[in-house]
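J.: Residue numbers (this note's numbering), protein chains in the order written: chain A, 390 to 782; chain B, 56 to 388; chain C, 5 to 287. By construction, the Cβ of each residue, glycine as well, lies at the ideal position given by its N, Cα and C atoms.
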């Protein structure tokens, strides 16, 4: 009898102790580095919107601990600033997780901090393959440029039915990666690249380059430009030179047919084919709910920056649940490896070997549905892994 | 030098210069206070080292802008060249920071010397646009040679060794700040000596009236070339320190934004006073850090407002305003 | 080749409209106004707002963009810039850069960071062939507008009284004041005219190069190049410089795309070294 009461007392005491320590556990601090100002400000807006929405829907605690987000502005491409912000987040604010990271140079710069301080890092957008190799505590939830463009390249030669493609890309990192990926896969699948040109990064006027494309008489054009003002500008330049996407295959990556680009071009854009890992038009239940909630709060549609933010938060929350609130780097990255879930973009998972994302990739065409221009998926490539890292093995 | 100097001792040229080089009490206090961050705000050492680098860059611009009257909106060319030199060479086995610093200084100095022949021949808008043009061309060149510079992704594979073989550049920024501070102080000493020498006086003469100077035997062009080269050397050193303390170099070290930022910091603090660049850097970077922490999206607005207010109510920069205040206060008492 | 000439010239006309105001005000008052491109941005946003919120047709928004930018320019000149005419070059630079920062943040706050979509009416879209050369309707429209404005300005300078006042103030301000000319008022009107033209240029630019809050900084460099290469206070100089810049930029990108913008900067430095006062500058 005495033993039982002591046992009950002991159990009650430990439960009480656990509750007290639970209540006294400090919040999990997440350092969010995004380009809130400067020319990439819109990407930060979209990503942050989704992050706020996730917290609103799922509450501000996970794994038994409260979540606190500390936001820092990188100002654009500024690896020294990003690195300093990451260091300050770790040293000054004592964050447990680093995330955000739209731009590749910034992501590469903070990799050192992630590795040295052993902090779980979630890349929400930056798309260059090698990023995740720079720190063993990094996981990515967005996509890599080769995943998209190699898929498009194979598709263009096979189901796409083109034989002679002219490639035109912006002359910097992501553009060159896109070109490499597309050309490699296209040639492997039997297609012929009839010419290529690279334009300066901040290029206001595409007329000269489009003329060059036309001169080489292709049956398809592959174009890559950074998001913002350029997709619409290149679309209009193509139209001015008489290139009709309905007749000649105009192909590119997601940003080429973003909402803003479509709104700016109007019907000129019909027929443009793009490859993407997410579109607000995807017809699954999760996405319909996501888009509705997003539009209700922010009066716009989410894009692939938003879904990166959403799934990034999801990963952090799920990892915390799995580790029971433990935030040391080893535990968190261990929990992240192999995690699978259904996202508004479709099924996705984190590759346990590379810590990079595995997801479905969609081929879409611009069509008019109910009087509005939308990207309609007509082909899906399942469970795509990053091909560059796969080849590095 | 003879008997006249006895009665009008204060007016002999040598005494005049000597009086200018004497250390003011405030100056000593200031330099001692730069050691405070180690003790008071050890979490902010990374920011402090960025400020020291910006201050060094601003001083190099002050030499040509404040003292020789050359308005340059492309000074980042030398800063960026120094940064890339330090970064690129570090990939090929040379990783000791001081060696890299010297190499960067030599390379930037060489470009500075070469361009000074062009710079010294022009004035006004043509000069301003040529300085801009040189920087823009260098930026494009760096972008086009991405096999060397890493292009828009930034330079990869930078290997910075420990300072003097022992002090590693760590997460907390202690070594970074100490290093940046020492380089800043040494270069400052050199500049101070330069400014308060006959050479420095000639420069000020050139700034006031470039046409008259050759008439009294001070060949403007040669002087301008000399100071421009020195300014390029120091800017290159600032760039190298940035590359070494952050182990990152990307195209923006050569960007228009960086040239514009240093110009803003210098004018904010007050040009032509050497300390103006330091003060301006501190105020601008601390304000930027604080504003962007409060409001990541619209902090630009408050910085812009601050700049407008400073210009309208403090015409000679913050330092000029402070000087006016102290003069008025002293006149009253 | 003819296609490149045409497209480049159209792009040049766009730059001309954005820059000509700065050339005249810089030449007249020596006031370094780096916020000039912000007025261009304002004009662009006026057009976007009128088209999106009020459903105005594109052509109707153009005069509105001009007028609103001109008015804002007049107000800013009266209350802020006028006090700074006797300030140093550096102070003017700092002041106007501060204004640029505020305008970028303000635009982001009011209109958001997103790129602004603007759909052109059908009669301004697409292209037609003339003797094997692809003529884009919008570019043709741009060229026509710019030429008309150039003729109006040159004519105005030569044959109106106000034009004579401007020329007097540019040539010798002290003398003009001495002869009883109200230089301040002349300058105020010229400044607002220049800002209005920039606004018009900005409105016309959207369809070709897009619009977002970064416009104010991005086009500043181009504007400075046109103004310095053309020569201060010279309408014809801005015209020639802008055309040259547009055509060479386009030709360079077509024939030697590897060099990118490098060619333009080299050209600018070369021209300035040969003619420091610009192609048609006076000093």
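In angstroms with no decimal places, state the Cα-to-Cα distance between residue 156 (chain B) and residue 300 (chain B).
T.: Whole-angstrom Cα-Cα distance: 12 Å.
J.: Give the DSSP bridge partners of residue 487 (chain A), in chain order.
T.: Residue 487 (chain A) pairs with A:420 and A:510.
J.: I want to know whether the stretch 287–297 of chain B touches the stretch 150–170 of chain B - three or more CB-CB distances under 8 Å.
T.: The answer is yes - the stretch 150–170 of chain B touches the stretch 287–297 of chain B, with three or more Cβ pairs under 8 Å.
J.: Taking the runs of the alpha helix (DSSP H) that are 4 residues or longer, which of them lie wholly in the stretch 549–574 of chain A?
T.: The stretch 549–574 of chain A contains no whole alpha helix (DSSP H) run of 4 or more residues.
J.: Enumerate in chain order the residues of its own chain whose CB-to-CB distance from residue 661 (chain A) is below 6 Å, with the five nearest sequence positions on each side excluded.
T.: Contacts found: 634, 639, 646 and 755.
J.: Taking 7 Å as the cut-off, decide whether the C-beta atoms of residue 746 (chain A) and residue 529 (chain A) are in contact.
T.: In this structure, residue 529 (chain A) lies closer than 7 Å to residue 746 (chain A) by Cβ.
J.: Which class does residue 764 (chain A) belong to by DSSP, given the choice of helix, strand or coil?
T.: Here residue 764 (chain A) sits in strand by DSSP.
J.: Would you tell me roughly how many angstroms separate the C-alpha atoms of residue 57 (chain B) and residue 253 (chain B), rounded to the nearest one?
T.: Confidence is the limiting factor: at residue 57 (chain B) the pLDDT is only 46, short of 50, which leaves the residue's position unreliable and the question unanswerable from this model.
J.: Do residue 69 (chain C) and residue 209 (chain C) have their C-beta atoms closer together than 7 Å?
T.: No.
J.: Taking all protein chains shown into account, decide if residue 111 (chain C) is buried (16 or more other Cβ within 10 angstroms of its Cβ) or exposed.
T.: Result: buried.
J.: Across which residues does DSSP place residue 711 (chain A) in a beta bridge pair?
T.: According to DSSP, residue 711 (chain A) bridges with nothing at all.
J.: The alpha helix (DSSP H) spanning residue 670 (chain A) covers which residue range?
T.: Premise fails: residue 670 (chain A) is in no alpha helix (DSSP H) and is neither H nor E.
J.: Using the Cα positions of residue 435 (chain A) and residue 23 (chain C), report the straight-line distance between them to the nearest angstrom.
T.: About 34 Å.
J.: Nearest-angstrom Cα distance between residue 246 (chain C) and residue 14 (chain C)?
T.: Each residue's alpha carbon lies about 10 Å from the other.
J.: Under 9 Å Cβ-Cβ, which residues of chain B neighbour residue 472 (chain A)?
T.: What residue 472 (chain A) touches in chain B: 101, 301, 302 and 303.
J.: According to the neighbour-count rule (16 or more other Cβ atoms, all chains shown, within 10 Å of its Cβ), is residue 395 (chain B) buried or exposed?
T.: The requested residue 395 (chain B) is not part of the displayed model; chain B covers only 56 to 388.
J.: Using the rule of at least 16 other Cβ atoms within 10 Å of the residue's Cβ for burial, across every protein chain shown, is residue 121 (chain C) buried or exposed?
T.: With 16 or more Cβ atoms within 10 Å of its Cβ, residue 121 (chain C) is classed as buried.
J.: Ends of the beta strand (DSSP E) at residue 748 (chain A)?
T.: Where residue 748 (chain A) is concerned, the enclosing beta strand (DSSP E) stretches over 746–758.
J.: Can you list, in chain order, the stretches of the beta strand (DSSP E) that have 3 or more residues and sit fully within the stretch 611–671 of chain A?
T.: Entirely contained in the stretch 611–671 of chain A, the beta strand (DSSP E) runs reaching 3 residues are, in chain order, 638–642 and 662–665.
J.: So, is the C-beta of residue 642 (chain A) closer than 7 Å to a C-beta in chain C?
T.: No, its Cβ sits nowhere closer than 7 Å to a Cβ of chain C.
J.: My output table needs one value for residue 428 (chain A): the three-state DSSP class, helix, strand or coil.
T.: Coil, per DSSP.
J.: Nearest to residue 96 (chain B) by alpha carbon, out of B:227, B:328, B:371 and B:325?
T.: Nearest option by C-alpha distance: B:227.
J.: Taking the CB atoms as reference points, tell me whether residue 267 (chain C) and residue 256 (chain C) lie closer together than 7 Å.
T.: Cβ distance < 7 Å, so residue 267 (chain C) and residue 256 (chain C) count as in contact.
J.: Report the residues of the stretch 502–524 of chain A with a CB closer than 8 Å to any CB of chain B, ordered along the chain.
T.: Flagged, chain order: 502, 505, 506 and 517.
J.: Can you find at least 3 beta carbon pairs, one from the stretch 493–503 of chain A and one from the stretch 462–477 of chain A, that sit closer than 8 Å?
T.: The stretch 493–503 of chain A vs the stretch 462–477 of chain A: in contact.
J.: Using a Cβ-Cβ distance under 7 Å, would residue 188 (chain B) count as near chain A?
T.: So no, residue 188 (chain B) is outside the interface.
J.: Name the residues in the stretch 474–499 of chain A whose C-beta lies less than 8 Å from a C-beta of chain B; which are they?
T.: Answer set for the stretch 474–499 of chain A: 476, 477, 479, 480, 481, 493, 494, 497 and 498.
J.: I need the DSSP call for residue 411 (chain A), collapsed to helix, strand or coil.
T.: Annotation note: pLDDT 49 at residue 411 (chain A) (below 50); position unreliable, coordinate value reported separately. It is helical.
J.: For the stretch 424–441 of chain A, which residues have a beta carbon sitting closer than 7 Å to at least one beta carbon of chain C?
T.: Result list: 428, 430, 431 and 434.
J.: Quick one: what does DSSP say residue 730 (chain A) is sitting in, helix, strand or coil?
T.: Residue 730 (chain A) falls in the strand class under three-state DSSP.
J.: When you compare each of A:763, A:570, A:606 and A:425 to residue 777 (chain A) by their alpha carbons, which one comes out closest?
T.: Closest by alpha carbon: A:570.
J.: Assess contact between the stretch 215–223 of chain B and the stretch 333–347 of chain B, defined as three or more Cβ pairs (one per stretch) separated by less than 8 Å. Is contact present?
T.: Result no; under three Cβ-Cβ pairs closer than 8 Å.
J.: How close, in whole Å, do the beta carbons of residue 161 (chain C) and residue 170 (chain C) come, if the pair is a contact with beta carbons under 8 Å?
T.: Confirmed, Cβ separation roughly 6 Å.
J.: What residue from A:701, A:420, A:429 and A:424 has the CA that sits closest to residue 619 (chain A)'s CA?
T.: If we check each option's Cα against that of residue 619 (chain A), A:429 comes out closest.
J.: Can you give the Cα-Cα distance for residue 258 (chain B) and residue 507 (chain A), rounded to whole angstroms?
T.: Rounded to whole angstroms, residue 258 (chain B) to residue 507 (chain A) spans 53 Å at the Cα level.
J.: Let's see if you can read the secondary structure: which residues bound the beta strand (DSSP E) around residue 215 (chain C)?
T.: Run containing residue 215 (chain C): none; DSSP gives neither H nor E here.
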